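Worksheet: one structure, shown below.
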Amino acid sequence: MPFLFSYVCDLLQLVEDNHNARSGLRSNAAIIQDWFSGHQGLLHRDHNSGALLSALLPEKRTDRVYCLGAKRLQAIIGRALGLGRSRIAELRRWQNPGACVDLAECVESILRATPNPIFPAHRPVTIEEIDEILLGIAAACRFSSPAVRISASENRPADQVPSLGGLYKRLSARDAKWLTRLILKNYEPVVLDQHVVCAGYHRLLPQILQVQDDLAVAGRILDSQRRDRTVTGRSELAEYLKPTLGVKIGRQTWLKGRSIKHCLSMVQGRVSCEEKIDGEYCQIHIDLSKGYDCIQIFSKSGKDSTKDRIALHDSIRKSLQLGTASCPLKTGCILEGELVVYSDKHSKVLDFHKIRKHVSRSGSFLGTKNDSQPQPWEHLMIVYYDLLMVDNESLLAVKHSERFQRLKDLITQVPGRSALVKREVIDCSRPSAVSDLRRAFAKCITARGEGLVLRADDPYFDFGTLRRRPYSCCAIKLKKEYIGCFGDVGDFAVVGARFDAAKARIYNIRGLKWTHFYVGCLENKEEVQRFGKQPRFVVTNAVELNAAQLEAFITFVNPESVPPEDNTAISLRIEPGIDNGKRPSVIFPTPPVFDIRCFSFDKVGNAGFWSPRFPSVSKMHYDRSYCDAISFDLLQEMATQEKEMPRPEDSQELLGWIAALERSEPTTTVETTSQSTVSTITAQAPSPQKPMGPDCRHPSTAPISPTKEKTGPKRQAQAAPVDGQLTPPRSSAAKMSEPTSQKQIGDQEEAALGRKRSLESSTENNLPEERKRIRRCTSDRVHPSTNHMEPRVEPRMTLSRRNTEAPVAMPGLSSMALVHNSDLEKGDAQERGTIRSLQTCVSFHETVSTSFSAQSPSTEATSSLAEGVDTASRPPERSIETATGSCRYLGDACKLATHSIILSPCIANFPWVAEDLLSCHGVTDFIRDPKEWLDTRHVTQANLPVPSGITSASAPSSTADGTSSRGRRRRKIALVDARRREATLAFLQSIEAAQLKRRNGEREYVAVYDWRVLESIREEEQMCGRNRERPGNRFDLNSSLWRRFWVGLA
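For the sequence shown, the numbering used here begins at 34 and goes up steadily by one.
Now the structure itself:
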């Protein structure tokens, strides 16, 4: 029985209404499950499962390309509905910035005003009819997959566009809106989770799609299973459903490692540490029954790219010895690998942008207008890293170590044509695991590699285990740009912007005019500065902002904008390859400045110059001119140095990177093996708990000098307690071996890195003024309300220098800057989806630091004797500042410790929240049960035993009702995991059941926030403390920082 399209629209509209609702929100998963429950009777009848799944998940149909953009679809709809001039203008309203509507909403508005005639009930639009028309349109497009193109039957009309227009005449206004978004493959802001949809359709469908990553094929398998009743559980499914030659297998889940210890917290046992290849993914299917044409290649998106990658076939044949008597295969196999370009002349793998000269896209070489011609010594190469099936034997349930051994026995490596990925095995159960991985990562960086891939010794997919280890069967990629601030490039000018209607709906900002911003560099910077000539900019990238950044840009920057035809202030050079040929709709005559962060440099197609690869905006500068941004020549110089700098012959850079990676850990510990295998690093690399000098006092007490502080090698660092976790030394020998002066530390580091200069300032005298400005570019965040710049700035190393030399501590820098830089851990703003939710819930079981104590030997000995306790055998203790409620970054100026905090049960046991995020703000105790607020015997963190030397007056107590002993009431806040809706609702009901009352007897409400606000506060306070800014009202509960994570009132 056909399935009506209106049923699908019911679900989509429910999710959209829920998204737009201001109160009473339900989870999308609950809405989807209720919808499937209500249509179970129809779903069990005979219908096209592939058509229904394609309507619910249109983005999964990568094999279909309709070549119907918004403008062309607008013309089709206008002709089909017979619209006049005025109504055509209404249909075009989605192109106007500030309208905040897309084409689908314009169609809905027109059909609401003039509805279509009501057709008989026997002619409703079905998903099968829509799927047939869209399949015909895709079959006529040469960019569709070969299987789709040959599916066009002889009886089907050649042109399906008129049939598509006929659908709009039979649809209601609401259904026409969702059909428009279905054709454009974009339901946003509605997002249907693929796993929830598939599990709602059938509980085994998610596992089927893992092995058969094709909606049409998976639908046919599921229909067959329902009829035959052959599968009853997941364990039987692994045997019943095996990989099929010609059908792509789904990829494993990929996670991002934010640090060395973060990676190791997600794996266990023996881990394969592989070199990450900067190429294009290939899933290679070999079917010997097809004779000579036995090779089939799928890309990452699932497209069949066999003909496009025909230049790789010869390398595959030689590696498998196809067509020869020594071929190890009997029927076929499925392999995974990366396609790269190899140069016989230079004996190395070339950069990623070289691939587009050798690989076509549906027969066309795209983006090669400004590229050089393919050279005779350049050819494609395949690097294998996994084997999924061999001779009808599925290896998906086989451990990785066995799969790789089978791959090694199968492949014949041909130099320059085929190879196995380089790897080493690390045993995570050994105490040396952290240092082993750190050294392997440092080797990858010094070899100019892209990064590492960590694979635990797990099956590719696991269907039979009921209680799996978290993050099992996942691959972890680790790049240096994921750690700390290694990916900063510099300041770029924002020269223009454009508006995208579909993207604007995601932000949900009223009156939004811009969604994409064009950044560039000055081409004539010296002429502008010296002679005041018209600025000439080269646009390098188009970037997007997150919702918080966009609101800040509109509120505090909001630059003057003019149409491109009215622009006379600046000159722009925009190559055709920038932003896929799209152009800015407005120009900023006085460009603001963005701080850009990227992963590497790349040559975009049809551009011909180096530009940041995967750029993102790390901050916006409110007080800088576009003349402070980097020039185009300097950007090209930075990229050239990073790409072409040869690998050093000695090991000094390796040691420097090991030290830099050790300092970048959130909580630095000294492993036992790091003292033996890399003995020089301990003395050379200062840990974040090094003594701070007299000029590095706490931000709340340190005076801000009006002039820049002089730096020199003779400045000594006095031993003082650091604003971190103090740990006792392991022995007196450890105390005596600690460097006592900042000069000694700096000299040892410079000797280890082979640097010929002793001071940063000595090199800046020989650098151009522009490079000095870039190196001194501050990483501060100036508040929009302030009109002054902080006199103290922190030098920042350019990306090219970060790739060629490890960032080490300079004698001219304050120790405080080193402490905060080592603790800084930025998140990727473009990765806050499902992967981010997995990573943020990781329990960071950090061991207590056993590095050298921050106190001087004499101070520690005195304190130990005074307490009468042997510090070498005493268990680790909390620092005094943590015990008394002092923040690590802002001290007493931190306002988080002044609140009475309750954690929901689902996050109260997260060490990352309870032990890391809260403790760094001085919050060592929190509420777990709302009834504890009613218990007057409850004591909060301020009532902990006061250490010796601290008076009771300095540690104010507070009672359970949130009232301080000094009479000031503490405001109550609740932290929850908003993504766990059911658990959050149950927790809020428990707060309501507690019947909290104010002093006057009125009911008391508790503000509820998502716990991720702690991460944002931590980052803001780190920057505030590093730049010695006054926090002001930045961290108040009514600030935008808290409002972004607002959940409600309980």
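Cβ coordinates follow ideal geometry from the N, Cα and C atoms, glycine included. These numbers come from a predicted model, not from an experiment.
Going by the CB atoms, is the gap between residue j and residue i shorter than 8 Å?
| i | j | result |
| --- | --- | --- |
| Gly610 | Gly400 | yes |
| Val392 | Val382 | no |
| Val223 | Val48 | yes |
| Leu583 | Ile539 | no |
| Arg1003 | Ser933 | yes |
| Val230 | Leu90 | yes |
| Ser82 | Pro157 | no |
| Ile691 | Ala475 | yes |
| Asp1069 | Lys964 | no |
| Val552 | Phe665 | no |
| Ala206 | Leu144 | yes |
| Ile317 | Val416 | no |
| Gln240 | Ala508 | no |
| Leu443 | Leu470 | no |
| Cys477 | Leu487 | no |
On the DSSP letters alone, give me the boundaries of the beta strand (DSSP E) that residue i sits inside.
| i | result |
| --- | --- |
| Gln669 | From DSSP, Gln669 is part of no beta strand (DSSP E) but of the alpha helix (DSSP H) over Phe665 to Glu677. |
| Thr286 | Thr286 to Lys289 |
| Asp79 | Here Asp79 belongs to no beta strand (DSSP E), and DSSP marks it neither H nor E. |
| Cys306 | Arg303 to Glu308 |
| Phe36 | Looking at the DSSP string, Phe36 is not in any beta strand (DSSP E), and its letter there is neither H nor E. |
| Glu92 | Run containing Glu92: none; DSSP gives neither H nor E here. |
| Trp1079 | Trp1079 to Leu1082 |
| Ser332 | Per DSSP, Ser332 belongs to no beta strand (DSSP E) and is neither H nor E. |
| Asp460 | Arg456 to Asp460 |
| Tyr417 | Glu411 to Val423 |
| Asn1089 | Not covered by the structure: residue 1089. The range shown for the chain is 34 to 1083. |
Under the three-state reduction of DSSP, which class applies to residue i: helix, strand or coil?
| i | result |
| --- | --- |
| Phe519 | coil |
| Val972 | Confidence in Val972 is poor, its pLDDT being 39 and thus under 50, which makes the residue's placement unreliable; the coordinate value appears in the next sentence. Strand at Val972. |
| Gln316 | strand |
| Val373 | strand |
| Thr710 | Confidence in Thr710 is poor, its pLDDT being 35 and thus under 50, which makes the residue's placement unreliable; the coordinate value appears in the next sentence. Of the three classes helix, strand and coil, the one that applies to Thr710 here is coil, per DSSP. |
| Ser359 | coil |
| Glu556 | coil |
| Ser644 | strand |
| Ile367 | strand |
| Val1094 | Not covered by the structure: residue 1094. The range shown for the chain is 34 to 1083. |
| Met299 | coil |
| Phe494 | coil |
| Ile935 | strand |
| Tyr234 | helix |
| Ile868 | Residue confidence is low: Ile868 scores 37 on pLDDT, short of 50, so the model does not pin down where it sits. Its coordinate-derived value is still stated next. In this structure, Ile868 counts as helix in the three-state DSSP scheme. |
| Asn149 | coil |
| Tyr540 | helix |
| Arg606 | strand |
| His954 | helix |
| Phe1068 | coil |
| Val637 | coil |
Where do the N-terminal and C-terminal ends of the alpha helix (DSSP H) with residue i fall, by residue?
| i | result |
| --- | --- |
| Pro938 | Pro938 to Ala941 |
| Val1046 | Val1046 to Arg1059 |
| Ser1023 | Arg1014 to Ala1026 |
| Glu584 | Ala580 to Ala585 |
| Ser1128 | The structure shown has nothing for residue 1128, since the chain only spans 34 to 1083. |
For the putative contact between residue i and residue j, defined by C-beta atoms under 8 Å, what is the C-beta separation to the nearest angstrom?
| i | j | result |
| --- | --- | --- |
| Ala171 | Arg97 | 4 Å |
| Gly482 | Glu308 | 6 Å |
| Phe550 | Ile629 | Wrong, their Cβ atoms sit about 11 Å apart, outside the cutoff. |
Please decide whether residue i counts as near chain D, where near means a Cβ-Cβ distance under 8 Å.
| i | result |
| --- | --- |
| Leu200 | The chain inventory of the structure shown lacks chain D, comprising one protein chain alone. |
Item to check | Inter-stretch contact (C-beta, 8 Å, three-pair minimum) for the segment 505–522 and the segment 552–566 | outcome: With the cut-off at 8 Å, the segment 505–522 and the segment 552–566 do not touch.
Checklist entry - Is the segment 209–224 touching the segment 128–137 in the sense that three or more CB pairs, one from each, lie closer than 8 Å? => result A contact exists between the segment 128–137 and the segment 209–224.
Checklist entry - So does the segment 653–662 actually touch the segment 424–432, counting three or more Cβ pairs closer than 8 Å? => result Fewer than three Cβ pairs drawn from the segment 653–662 and the segment 424–432 lie within less than 8 Å of each other, which leaves the two stretches out of contact.
Item to check | Stretch-stretch touch, CB-based, cutoff 8 Å, three pairs: the segment 400–413 with the segment 286–301 | outcome: No, the segment 400–413 is not in contact with the segment 286–301.
Next on the checklist: Would the segment 344–360 count as touching the segment 296–308 if we require 3 or more Cβ pairs under 8 Å?
Outcome noted: In the pairwise beta carbon analysis, the segment 344–360 is classified as not touching the segment 296–308: fewer than three pairs are separated by under 8 Å.
Item to check | Cβ contact (3+ pairs, closer than 8 Å) linking the segment 643–655 and the segment 584–592 | outcome: Below 8 Å, enough C-beta pairs join the segment 643–655 and the segment 584–592 to call them touching: three or more.
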